[in-house]
Amino acid sequence: MRNEVEGRRSEARSRLLNTATRLFYAEGIHAVGIDRIVAEAQVTRATLYRHFPGKEDLVLAYLNEVDRAMRSQADEAIAAGLPAAGTILALSKSIAQGIQSPGFRGCAFLNAAAEHPDPESPVHTAVLAHRQWFLETVTELLAKIQKTGAESAARHFVMMRDGAMAAGCLFDPVLICETFLHGVERLLQVYAATDYSGRAGV
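Under UniProt numbering, read the sequence shown as residues 1 to 202, first letter to last.
Quick look at the structure:
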């Protein structure tokens, strides 16, 4: 009996989180109220508050789900066992596929940061933590090519990725992704050929 009750609770939580994830991403966090989430998830407000004491807790759970998905995306690229440059290209192609997917509305984290600009906000903090992980992941990959200048090159990569994510829902995503992937290829070429005494080889 206990397992059955826990199963129903887990199912209700999943429905709430899946509904919130879909609505927050498609329409914005502030635009979607608790009543809408409860109605579409087909649960009671009491059930929602049993799992998520407040809307902010639900927003943080939503961002955690997106974070987990992106970490899995990165882990899959790394697990392929390609050389570092190939791994970065594989990760970039995965990002490009996401930009071209139906319903794409930009980066969930950048969108959340725009709605929660207060640096003390737990939501803003979660956004920064995710971005720090992503920067460190790319930095570690680039450091396998050469250690000097890896973080600087990684920041360049993140800026290109941010630009592609922002432009991908405003303009032709195919052209945006072509530009992004070309930029990544060029970044890798220049980075690998740069003598960090300050001279570029290409």
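All C-beta atoms in this analysis are idealised placements derived from N, C-alpha and C, irrespective of residue type, glycine included.
Please classify residue i: is it buried, with 16 or more other beta-carbons within 10 angstroms of its beta-carbon, or exposed?
i: L16; result: buried
i: R161; result: buried
i: H30; result: exposed
i: F171; result: exposed
i: P173; result: buried
i: T148; result: exposed
i: N3; result: Model confidence at N3 stands at a pLDDT of 46, short of 50, so the residue's coordinates are unreliable and nothing is read from them.
i: H182; result: exposed
i: G103; result: exposed
What separation, rounded to the nearest whole angstrom, lies between the Cα atoms of residue i and residue j?
i: R45; j: R105; result: 28 Å
i: V123; j: D75; result: 24 Å
i: L58; j: H51; result: 9 Å
i: Y49; j: A12; result: 11 Å
i: M159; j: K93; result: 16 Å
i: A166; j: A39; result: 31 Å
i: Q73; j: V190; result: 25 Å
i: T21; j: N64; result: 10 Å
i: L110; j: A126; result: 11 Å
i: H116; j: G54; result: 16 Å
Which first and last residues belong to the alpha helix (DSSP H) in which residue i is found?
i: E56; result: 55-79
i: T137; result: 122-143
i: L48; result: 45-51
i: T148; result: Where T148 is concerned, there is no enclosing alpha helix (DSSP H), given that its DSSP letter is neither H nor E.
i: F171; result: Note, F171: premise wrong, no alpha helix (DSSP H); not H, not E.
i: A31; result: Looking at the DSSP string, A31 is not in any alpha helix (DSSP H), and its letter there is neither H nor E.
i: S101; result: It is not in any alpha helix (DSSP H) - S101 carries neither H nor E in the DSSP assignment.
i: L110; result: 108-115
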